[in-house]
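Read the structure below first, then the notes.
4 protein chains.
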Amino acid sequence: MSANSFGTLFRVTTWGESHGPALGCVVDGVPPRLPLDEAAIQRWLDRRRPGQSRFTTQRREPDQVRILSGTFEGQTTGTPIQLLIENVDQRSKDYSEIARTFRPGHADLAYWAKYGIRDYRGGGRSSARETAARVAAGGVARLVLGPDVTIRGALVQVGPHRIDRARWDWAEVERNPFWCPDPEMVPVWERHIDELRRAGDSTGAVIEVVASGMPMGLGAPIYGKLDAELAAAMMSINAVKGVEIGDGFAAAEATGSAHADEMRARPAPPGSNTPAGIDFLSNHAGGVLGGISTGQDLIVRFAVKPTSSITTPRRSVDIDGRDIDVATKGRHDPCVGLRAVPVGEAMAACVLADQLLRHRGQVGEPARFPRSD
Amino acid sequence: MSANSFGTLFRVTTWGESHGPALGCVVDGVPPRLPLDEAAIQRWLDRRRPGQSRFTTQRREPDQVRILSGTFEGQTTGTPIQLLIENVDQRSKDYSEIARTFRPGHADLAYWAKYGIRDYRGGGRSSARETAARVAAGGVARLVLGPDVTIRGALVQVGPHRIDRARWDWAEVERNPFWCPDPEMVPVWERHIDELRRAGDSTGAVIEVVASGMPMGLGAPIYGKLDAELAAAMMSINAVKGVEIGDGFAAAEATGSAHADEMRARPAPPGSNTPAGIDFLSNHAGGVLGGISTGQDLIVRFAVKPTSSITTPRRSVDIDGRDIDVATKGRHDPCVGLRAVPVGEAMAACVLADQLLRHRGQVGEPARFPRSD
Amino acid sequence: MSANSFGTLFRVTTWGESHGPALGCVVDGVPPRLPLDEAAIQRWLDRRRPGQSRFTTQRREPDQVRILSGTFEGQTTGTPIQLLIENVDQRSKDYSEIARTFRPGHADLAYWAKYGIRDYRGGGRSSARETAARVAAGGVARLVLGPDVTIRGALVQVGPHRIDRARWDWAEVERNPFWCPDPEMVPVWERHIDELRRAGDSTGAVIEVVASGMPMGLGAPIYGKLDAELAAAMMSINAVKGVEIGDGFAAAEATGSAHADEMRARPAPPGSNTPAGIDFLSNHAGGVLGGISTGQDLIVRFAVKPTSSITTPRRSVDIDGRDIDVATKGRHDPCVGLRAVPVGEAMAACVLADQLLRHRGQVGEPARFPRSD
Amino acid sequence: MSANSFGTLFRVTTWGESHGPALGCVVDGVPPRLPLDEAAIQRWLDRRRPGQSRFTTQRREPDQVRILSGTFEGQTTGTPIQLLIENVDQRSKDYSEIARTFRPGHADLAYWAKYGIRDYRGGGRSSARETAARVAAGGVARLVLGPDVTIRGALVQVGPHRIDRARWDWAEVERNPFWCPDPEMVPVWERHIDELRRAGDSTGAVIEVVASGMPMGLGAPIYGKLDAELAAAMMSINAVKGVEIGDGFAAAEATGSAHADEMRARPAPPGSNTPAGIDFLSNHAGGVLGGISTGQDLIVRFAVKPTSSITTPRRSVDIDGRDIDVATKGRHDPCVGLRAVPVGEAMAACVLADQLLRHRGQVGEPARFPRSD
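Top line first, the protein sequences correspond to chains A, B, C and D.
Its first residue numbered 119, the first sequence is counted upward by one per residue in my numbering.
Its first residue numbered 119, the second sequence is counted upward by one per residue in my numbering.
Its first residue numbered 119, the third sequence is counted upward by one per residue in my numbering.
Its first residue numbered 119, the fourth sequence is counted upward by one per residue in my numbering.
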């Protein structure tokens, strides 16, 4: 696949660097006659925007999106949609040092080893700035999925501190700067992140994304499996080191009898003798079996490593192979995971939109259970 | 991407069902003039073959591979290579029951919901039989990678029992039926799996695959990242529910100062003042930064859920939506993870071969550190 | 795109060489629950089979197709369909001469220049044998298109002799060995080809393929245009040097007023005041405007060069760069265009099937004119 | 393939409509460290710019290109290159009539039939404006191909008037507004086009593109053949109805003995006994055999139909199915082929750049003849 594109029918190609004039994406394959204006995309970008609390980078970017093509009189036309976001707050600073050094844990070394050149200003292409384009594309993907599918994300772990799932409250997620669904965990994370920030250090985190109202049958076995494409999508987000579907690694400890999600028929509505559907008695699978959606909530989690740009000095080398110590100045996130929540939602939306269109192409509209045909 | 293909330049398309006459794959994009005969592929298939111990399904398949195209006088020609494996031991049995029921945790329901038809004999396309074709393709991929890159896998966890990494011994992996690198863990797993088998139950497991001798620079940011493609490849293997690169989910608990892999220049060889390369002082990243290989060992882990086909009855529904109980008869793996090790190795080999060819195409041969240009 | 695959949702990957044990293709993305057995494909292969008259190669190949996967109880399952055709009549002969020489006009030199190795037996991968796999895939594509779309081909020119379109008779095409729709042209071509065969020479030809019953709206602007994909498909057939849609090159001589296909509304059926559709007063466009089907007959023509394997000696060089003369022995077609007719039909069917599935995916079922929405 | 992208490793995605705020393209897969600035691309756009003579549309577009990503300090970085061109001269006019009518021979009907909505202002996505983005991408492709490969185009036929190839002079092409290589044909075309323009009519044309300095071995059989991809690329240009490689349709009239391009070894340089290469004694093949470049000049021709937007009234229907007459007002090209020359060059450059990178990926650097290995 093209290195900067993903999706087959619903296809997103992003472009742009942290300190270039702009960044954006082309969204191709969008069905025609969907209502689309800039506000419909801006609402998602606003949720991701940096500098909204002291817990994220203080870089101030309005992240105003412009639609340059693919719509006419407020509707999509079926032609490619170009979404453009200007970079506004690229501080002019002295990059002479960073230009010749590699931050441990950062993509500096890798880009340079691959290409022999890198735009080191703010991380260039490897900057989390690129994810703004993903969030914009995700806004279009949500239109394709329609109102029945809801995609929400939350932070479930910061450093060693995990939420209590018994206290999960989606409303709480919108009330705190941590996307935390557990009210009692908010002060704990706040204290933890403040300490790390003051210490010039950073922390990792775990994000969970849930898609509700899923149709059955989305997913393209064997290599276009829904969970496989979600895994690639999440792992392609900056700093992600692990992905889980449903129980994930906990499934390795389980027995088959405990892990299997048992089923019962949902009682037929009055006056009908056809069951209304399937009731699953658990969701260890996370809504995917054999790479295909079952209609249960789709559950994906991913682990984000701690920000590699920290002010604590680390041992490294420079581009000439000389030993040096590196301490990164500038504006950084003590927990980059905080900004990954809307990105994870957007990636899930794009993968689902593409799978929906591919399913329609090969099979037709997703079927209900039990099938009438 | 096509549902049954993966890779861009080194591209594998698999086909075939559990109880059809044969299965196999087309491997396209293989460089010309590589030495290739059936023995070079058979050696990898033999490692995967079922029925070699009481711990895997007793289905007896010789898994003899035939090369039907793409080679001439023992060398690859650059044209597509068709690898064919006949199915031999498809027991004729009564499928009338399984034809109308859905095993909890199995792909039965999902395939049927998607396509409205399914080959239920032995799981059809969703059977682990399909992975034989992947292992065959992996044998070709290893030729493309050449002798400097070594790809090995091991089982590191069965149910609740994890190996002790301090006792890791690659030689031990070849000596026991569990691909276990920890001699003291072998009897523990043996006891555990025997108990589950007798109880008509099954267990999950965790596999780790390590690629050594990696060149720097493999990986295609942003969406063709090496780790993203590995995540998709592993998640596409039957029953996989989670994937980790390097520290994986443990990175969520770490601080940036602890997680960063520090570096020192490898001393210059006598008579030279150019460093021989980089020495990393740790490998939390698992050999990938920014989606690009750093030259460290590439480390990927994946979690396999317990086999869903068990003789313990579970609650379910049939295709008409009637409540039923399901207990699966027939030959099954108490720990399907046991057979996933060669599959994980093969998927890693295919992803790396494709990334190597793509890197050559865009950039040229991978560079050394420090770069001379 | 992968070198040996074409199509996006309906995707065909062919493999095999002229003198290998077998050849075939994987057809991926086929909708489920279509009736498919070997007879449904064999009927198309039989039309292409060589050795059916003295005007084609005397190589005797039964071209019996076997379905190895992707069907269950006579229906497609949505999984990849492997079609296999064994090579039977590979004469053992002395290839020592051809192994070191390049036939002028033949792919010998090009394959060798590209790969540094070639299977020279019968042309290896560049042999027209490969087209058997395309014809098999085309049989599946016709099922996807359904009974309303009819795809037929005919030979319209052999050397300097063009048919008279006023005498076009589709029934005649099945009555003569030349796929000739003009009864009066048959004896002319017969005499012409016999003379060339006796002279150890060959001739070019022009094939026309017509698809009737086309829906409106198939085609994916800008680069997946229906006519662009047809052009690639036809040009990928052995020995093809030119492709035309509708008037083709004659359009270069036309004026806009003469070339434009005027339209009139088709009168509304009794009791309705909605027109039944559009009547075009001509079809210079060949059924495609802006890369999208208009519902008129789709008309594509392609030129096939004369067979390059002839017994008349030609000047050439060998692989060491020595000047030589080459005269090709063995069984050859005096007019390879004769066998290209079913191949052209098959390629058109595959392109249309893929475009139909992609249109369904992005837009839904093709609409009628005038649109009700 | 994605509808608005082409290429595999060197991949171009265009976006934008005739009367939107801007149009452009993303060029992905460009090798790093190539010198690239806006001037290097602008020079090609300037050749295509409309309104430079009375023979093309009088719409005034500066077509100033901006590079928004993918370069750093004047060099490519290996990341995607966004090229943006603003639309400046979109006359505000009354579109109420065109909004409801279909111009015969125009894409109006097809887009509307496919999508149920269309941006009718200036043809929207189907406007020749889109080709500006292709020309910009072609400028990048030429950098990838390097200085040894020269790609030039010329007009060889306007209406019934063909050039005399004996008078072919590349220098003349730059001296007249018709890209005409035959000085004596210039006044003939000038008269012909002026007459048509005054008559409110238009004419078709034939363009020829020649690539010199070609390496051997470019092309990916079977379906990624160099000529097949060129055919798709040219047929994807607005109004193109036919494509030829080398002799094209004339090959249908030829005999094998006459069509075969004979070869002789190029004498060895002094002091060597290895031939310097191959001398072809003719070029009927147009530089491609078996879909792979032979090192001869690559020759591709394509036919452009007459502009469908003419002021002469034509019979048509409106979106409600009512019979109407259509005469198009506004600024139009009497011979749209005039502006297709730089577009054809650009498409050839993009196809060759992609094939070069793919060849390097699978095989390595193109080899010389005779091969040393």
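A virtual CB, placed ideally from N, CA and C, is assigned to each residue, including glycine.
Local conformation of residue i per DSSP, three classes
{"i": "D:Asp226", "result": "helix"}
{"i": "D:Ile159", "result": "helix"}
{"i": "B:Thr425", "result": "coil"}
{"i": "D:Pro301", "result": "helix"}
{"i": "C:Gln182", "result": "coil"}
{"i": "B:Gly413", "result": "coil"}
{"i": "D:Met334", "result": "coil"}
{"i": "A:Ile235", "result": "coil"}
{"i": "B:Cys143", "result": "strand"}
{"i": "B:Asp95", "result": "Outside the displayed range of chain B (119 to 491) lies residue 95 of chain B, so it cannot be described from this structure."}
{"i": "B:Trp133", "result": "strand"}
{"i": "A:Pro153", "result": "strand"}
{"i": "C:Arg218", "result": "helix"}
{"i": "C:Asp443", "result": "strand"}
Contacts that residue i makes with chain A (C-beta to C-beta distance below 8 Å)
{"i": "C:Val481", "result": "Pro149, Pro150 and Gly196"}
{"i": "C:Leu141", "result": "Going along chain A, no residue has its Cβ under 8 Å from C:Leu141, so there is no contact; the nearest lies around 24 Å."}
{"i": "B:Gln473", "result": "Going along chain A, no residue has its Cβ under 8 Å from B:Gln473, so there is no contact; the nearest lies around 10 Å."}
Backbone CA spacing between residue i and residue j [nearest angstrom]
{"i": "D:Asn205", "j": "D:Asp237", "result": "15 Å"}
{"i": "B:Trp162", "j": "B:Ala259", "result": "12 Å"}
{"i": "C:Gln473", "j": "B:Arg166", "result": "40 Å"}
{"i": "D:Ser354", "j": "B:Gly395", "result": "49 Å"}
{"i": "B:Leu154", "j": "B:Met352", "result": "26 Å"}
{"i": "D:Thr219", "j": "D:Arg433", "result": "11 Å"}
{"i": "D:Asp441", "j": "D:Ala464", "result": "41 Å"}
{"i": "B:Phe367", "j": "B:Arg252", "result": "27 Å"}
Residue i: contacting residues in chain B (beta-carbon distance under 7 Å)
{"i": "A:Thr132", "result": "Ile340"}
{"i": "C:Tyr233", "result": "Pro150, Thr195 and Gly196"}
{"i": "A:Gln160", "result": "Near A:Gln160 there are no residues of chain B at all, since even the closest Cβ is about 23 Å away, more than 7 Å."}
Chain A contact residues for residue i, given Cβ-Cβ distances below 7 Å
{"i": "D:Asn122", "result": "Asp146 and Pro198"}
{"i": "D:Gly138", "result": "Leu186 and Ser187"}
Among the options, nearest to residue i - alpha-carbon criterion
{"i": "C:Ser187", "options": "C:Thr219, C:Cys143, C:Pro222 and C:Arg178", "result": "C:Cys143"}
{"i": "D:Gln414", "options": "D:Ile199, D:Thr194, D:Ala329 and D:Arg218", "result": "D:Ala329"}
{"i": "B:Arg129", "options": "B:Thr174, B:Pro198, B:Phe190 and B:Pro180", "result": "B:Pro198"}
{"i": "B:Ile363", "options": "B:Ala350, B:Ile235 and B:Arg280", "result": "B:Ala350"}
{"i": "C:Ile417", "options": "C:Ala466, C:Val145 and C:Trp288", "result": "C:Ala466"}
{"i": "C:Leu456", "options": "C:Glu290, C:Gly138 and C:Phe296", "result": "C:Phe296"}
CB of residue i within 9 Å of CB of residue j, strictly
{"i": "C:Val327", "j": "C:Gly479", "result": "no"}
{"i": "D:Val406", "j": "D:Gly360", "result": "no"}
{"i": "D:Ile159", "j": "D:Gly242", "result": "no"}
{"i": "D:His477", "j": "D:Gly389", "result": "no"}
Proximal residues of chain D, C-beta to C-beta of residue i below 8 Å
{"i": "C:Tyr229", "result": "Pro339, Gly408 and Ile410"}
Contact list for residue i against chain G, beta-carbon separation under 7 Å
{"i": "D:Ala246", "result": "Annotation note: the requested chain G is absent from the structure, which comprises protein chains A, B, C and D."}
Contacts of residue i in chain C (Cβ-Cβ under 9 Å)
{"i": "B:Gly240", "result": "Under the 9 Å cutoff, chain C gives no residues; its nearest Cβ is about 12 Å from B:Gly240."}
Listed by chain order, chain A residues near residue i by CB distance under 9 Å
{"i": "C:Leu127", "result": "Thr126, Leu127, Arg476, Gly479 and Gln480"}
Residue i: contacting residues in chain C (beta-carbon distance under 8 Å)
{"i": "D:His310", "result": "Those within 8 Å of D:His310 in chain C number zero; the least Cβ separation is about 10 Å."}
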